[in-house]
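Trainee: I am attaching a structure below and will ask some questions about it afterwards.
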């Protein structure tokens, strides 16, 4: 899909056009740090540009989630935790602006300082920083948090810790991290780890999942009350220490953030229609256009807001687990993509209104060119040419259906590819030469009616090539346990990518994370080419190299046929109570986690 050629291109160029040496001047403490160049906001900025600094305080927001939870600790692997808690109960040294590609401003830290080549980074704590119980945030808390999260915390924290050569207290309120590899992004990542209260966890196994311990943090919200598996209520801390920190000014205006849990999407939507839940994020455009004619919407109590953003599409669809023998062959994965009748499914689900995701960075200037690789992209890929899947260098496009239910061309292409891989239809069943049927299981989480509807249509299409998949629908706890252990053949998959990809790509696609429990390399990629592109991302010294590297990585992943892509959401559709308001100015990253409700307020 075409991207906006004005704002987003200028934004991306600002992010990556400055070569690494531009940061060498940062030899003294700064108020913020950018991946490339300097932060956009000056040291004396008053508030973030997309925030209403005069927003009133009060009111509440109530959101709906399908499933449940059995833990209140979002910083470990064990247990099922409401995903929002990670954003609400984990304050860090620095905080990310949603209006810049990758820029951090001081939060718990009043300043940041780096070495000439960012081989080390040092943070100085604000003296006024306090935990919700009133106790001061200390360097001891900071160092304990980093070591604990980096050794027994959630796997997302482990990669950074392995790249830390040393951590030392350099002053009463200062701590320095020295790195063991050349990686400019580490100085920023060091500022983004949640800081916990060390004393709370003395004599307690931090890695155990429990509802008995509510983490004490310095965040604006505290967990006020909860009904196990059914609801969580977070209360704005009236004594929050950071109200006047420039980054926080005008944010966290709602007195209560409440999360209600439901058994399925239908029950959640019914709760919204009666305003038991007062905000609803709609991902289905057909439902948005046809099912919001209920009394609260008709009389104006519910407002339907359509919000734009300029983020890459990321990848959403159904992922194939290459750890399983039946998905090792790229031709099999290609066949299953051909069998997926996207045009028909999209028409049935969205009225054909949602464009298809065409690659991991589609809808952005970082997206791959679908023709043959040229220039720097080709140069970066050529050393791995013998091992790359066909289409990576030659060019690759997702197959297009004819819009009919039978999709004869897609069916023929799928059968041809399966035959090349050694599978043929025998008595109506796809079998190998030994007569073994091709079989796999599709794992779904209970309550996801949209995914179930898509899979129902996909199952019918698979029947035309002699495949009858098993469908396993499990509750949220089982789903998390199985996906954390990669105990699935195919399942729903979503990964968000940004205009400033970096170290997180190791967790998403790096070989080291392929067998790490709870990691994000869900498809199990083990590719030297992928690893090399991620390495290059972190050491690129020019705009040309950075863009070419992302486009090369995009080619490897897309042509790898690991995921059956569905449609993308280039806008956000949020229906909400009329009292819930948001700023007129939207950040470049638009409706990103944390923007709602952090930037919203309640006004009669």
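Numbering (the working numbering), first residue to last: 2 to 605.
Don't be surprised by glycine CBs; every beta carbon is placed ideally from N, CA and C.
For residue 126 and residue 138, which I take to be in contact (beta-carbon distance under 8 Å), what is that distance rounded to the nearest angstrom?
Mentor: Here residue 126 corresponds to residue number 125 of the chain shown, with the count starting at 1. Here residue 138 corresponds to residue number 137 of the chain shown, with the count starting at 1. Going by Cβ atoms, the distance from residue 126 to residue 138 rounds to 6 Å, so yes, they are a contact pair.
Trainee: For the region 531 to 595, which segments carrying the alpha helix (DSSP H) assignment without a break, of at least 4 residues, lie completely within its bounds, in sequence order?
Mentor: Runs of the alpha helix (DSSP H) inside the region 531 to 595: 544 to 560.
Trainee: I'd like to know whether the C-beta atoms of residue 279 and residue 62 end up nearer to each other than 8 Å.
Mentor: Within the chain shown, numbered from 1, the residue matching residue 279 stands at position 278. Within the chain shown, numbered from 1, the residue matching residue 62 stands at position 61. Yes, they are a contact pair.
Trainee: Got a sec, what are the start and stop residues for the alpha helix (DSSP H) residue 347 sits in?
Mentor: Taking the first residue of the chain shown as position 1, residue 347 is located at position 346. Start and end: 343 to 351.
Trainee: Is residue 60 closer than 8 Å to residue 72 when the C-beta atoms are compared?
Mentor: The residue labelled residue 72 in the question sits at position 71 within the chain shown. The residue labelled residue 60 in the question sits at position 59 within the chain shown. No.
Trainee: Give me the DSSP bridge partner(s) of residue 479.
Mentor: To locate residue 479, count along the chain shown from 1; it is residue 478. Answer is none; residue 479 lacks a bridge partner.
Trainee: Tell me which residues share the same chain as residue 210 and place their Cβ nearer than 6 Å to its Cβ, disregarding the 5 neighbours each side in the sequence.
Mentor: Within the chain shown, residue 210 is the residue found at index 209, counting from 1. Cβ within range, chain order: 72, 79, 80.
Trainee: Assuming residue 427 is part of the beta strand (DSSP E), what are its boundary residues?
Mentor: One-based indexing of the chain shown puts residue 427 at position 426. From DSSP, the beta strand (DSSP E) with residue 427 extends over 425 to 427.
Trainee: Please list the segments of the alpha helix (DSSP H) lying wholly inside the region 150 to 236, counting only runs of 4 or more residues, in order along the chain.
Mentor: Qualifying alpha helix (DSSP H) stretches, in chain order: 159 to 163, 187 to 190.
Trainee: Over what stretch of residues does the beta strand (DSSP E) that includes residue 1 continue unbroken?
Mentor: For residue 1 there is no data in the structure shown, the boundaries of the chain being 2 and 605.
Trainee: Once the 5 residues before and after residue 429 are set aside, which same chain residues still bring their CB inside 8 Å of it?
Mentor: In the chain shown, residue 429 corresponds to position 428, counting from 1. So the qualifying residues of the chain are 467.
Trainee: Is the distance from the Cβ of residue 566 to the Cβ of residue 358 below 8 Å?
Mentor: In the chain shown, residue 566 corresponds to position 565, counting from 1. In the chain shown, residue 358 corresponds to position 357, counting from 1. In contact: residue 566 and residue 358 (Cβ atoms closer than 8 Å).
Trainee: What did DSSP end up calling residue 494 once you bin it into helix, strand or coil?
Mentor: Numbered from its first residue, the chain shown carries residue 494 at position 493. Strand.
Trainee: What would DSSP say about residue 396, mapped onto helix, strand or coil?
Mentor: Working through the chain shown from its first residue, we reach residue 396 at position 395. DSSP places residue 396 in coil when its eight states are reduced to three.
Trainee: Candidates 489, 589, 121: which alpha carbon is nearest residue 176's?
Mentor: Counted from its first residue, the chain shown places residue 176 at position 175. When each option's Cα is compared against that of residue 176, the closest is 121.
Trainee: Among residues of its own chain, excluding the 5 on either side of residue 307, which ones have a beta-carbon nearer than 7 Å to its beta-carbon?
Mentor: Residue numbering aside, residue 307 sits at position 306 when the chain shown is read from its first letter. Excluding positions up to five away in sequence, the list reads 572, 574.
Trainee: Quick one, which of 569, 191, 219, 142 has its alpha-carbon nearest residue 178's?
Mentor: Within the chain shown, numbered from 1, the residue matching residue 178 stands at position 177. Answer by Cα proximity: 191.
Trainee: Would the beta-carbon of residue 86 fall within 8 Å of that of residue 109?
Mentor: The residue labelled residue 86 in the question sits at position 85 within the chain shown. The residue labelled residue 109 in the question sits at position 108 within the chain shown. No, the pair does not count as a contact, with Cβ atoms beyond the cut-off.
Trainee: List the residues that DSSP assigns as beta-bridge partners of residue 317.
Mentor: Working through the chain shown from its first residue, we reach residue 317 at position 316. In DSSP, residue 317 forms a bridge with 495.
Trainee: Where do the N-terminal and C-terminal ends of the beta strand (DSSP E) with residue 121 fall, by residue?
Mentor: Residue numbering aside, residue 121 sits at position 120 when the chain shown is read from its first letter. Element bounds for residue 121: 121 to 126.
Trainee: Helix, strand or coil: which one does DSSP assign to residue 401?
Mentor: Residue mapping note: residue 401 aligns to position 400 of the chain shown, counting from 1. The answer is coil: DSSP assigns residue 401 none of H, G, I, E or B.
Trainee: Starting from residue 411, trace the alpha helix (DSSP H) in both directions and tell me its first and last residue.
Mentor: Locating residue 411 in the chain shown gives position 410, counting from the first residue. From DSSP, the alpha helix (DSSP H) with residue 411 extends over 409 to 421.
Trainee: To the nearest angstrom, how far is it from the Cα of residue 198 to the Cα of residue 373?
Mentor: To locate residue 198, count along the chain shown from 1; it is residue 197. To locate residue 373, count along the chain shown from 1; it is residue 372. Near 53 Å, if we compare the C-alpha coordinates of residue 373 and residue 198.
Trainee: Determine the DSSP secondary structure at residue 47, reduced to helix, strand or coil.
Mentor: The residue you call residue 47 lines up with position 46 of the chain shown. Three-state DSSP puts residue 47 in coil, outside helix and strand.
Trainee: First and last residue of the alpha helix (DSSP H) that includes residue 376?
Mentor: Indexing the chain shown from 1 puts residue 376 at position 375. Where residue 376 is concerned, the enclosing alpha helix (DSSP H) stretches over 376 to 382.
Trainee: Check for me: the alpha helix (DSSP H) holding residue 443 runs from which residue to which?
Mentor: Within the chain shown, the letter at position 442 stands for residue 443. It is not in any alpha helix (DSSP H) - residue 443 instead sits in the beta strand (DSSP E) that spans 442 to 446.
Trainee: Are the beta-carbon atoms belonging to residue 47 and residue 56 less than 8 Å from one another?
Mentor: Indexing the chain shown from 1 puts residue 47 at position 46. Indexing the chain shown from 1 puts residue 56 at position 55. No, the pair does not count as a contact, with Cβ atoms beyond the cut-off.
Trainee: With H, G and I counted as helix, E and B as strand and the rest as coil, what does DSSP make of residue 386?
Mentor: The residue given as residue 386 occupies position 385 in the chain shown. Of the three classes helix, strand and coil, the one that applies to residue 386 here is helix, per DSSP.
Trainee: For the candidate residues 431, 111, 316, whose alpha-carbon lies nearest to that of residue 496?
Mentor: Here residue 496 is taken as the residue at index 495 of the chain shown, counted from 1. Comparing Cα-Cα distances from residue 496 to each of 431, 111, 316, the minimum goes to 316.
Trainee: Apart from the five residues just before and just after residue 588, which ones in its own chain have a Cβ nearer than 6 Å to its Cβ?
Mentor: Here the question's residue 588 lines up with position 587 in the chain shown. Only 51, 99, 100 meet the Cβ criterion.
Trainee: In chain order, what residues of the same chain lie with their CB nearer than 6 Å to the CB of residue 415, ignoring the 5 residues before and after it?
Mentor: On the chain shown, residue 415 is found 414 positions in, with the first residue counted as 1. Taken in chain order, the residues that qualify are 336, 339, 340, 466.
Trainee: Using the rule of at least 16 other Cβ atoms within 10 Å of the residue's Cβ for burial, across every protein chain shown, is residue 375 buried or exposed?
Mentor: Taking the first residue of the chain shown as 1, we reach residue 375 at position 374. By the neighbour-count rule (16 or more Cβ atoms within 10 Å), residue 375 is not buried but exposed.
Trainee: From the DSSP output, in three-state form, read off residue 145 for me.
Mentor: Translated into the one-based positions of the chain shown, residue 145 becomes position 144. Correct three-state label for residue 145: helix.
Trainee: Ignore the nearest five residues each way along the sequence and tell me which others in residue 514's own chain have a CB closer than 6 Å to its CB.
Mentor: Here residue 514 refers to the residue found at position 513 when the chain shown is read from its first residue. Cβ within range, chain order: 508, 520, 522.
Trainee: Consult DSSP for residue 259 and reduce its assignment to one of helix, strand or coil.
Mentor: To locate residue 259, count along the chain shown from 1; it is residue 258. Strand, per DSSP.
Trainee: With residue 97 as the anchor, note down where its beta strand (DSSP E) starts and where it stops.
Mentor: Residue mapping note: residue 97 aligns to position 96 of the chain shown, counting from 1. That run of the beta strand (DSSP E) goes 95 to 97.
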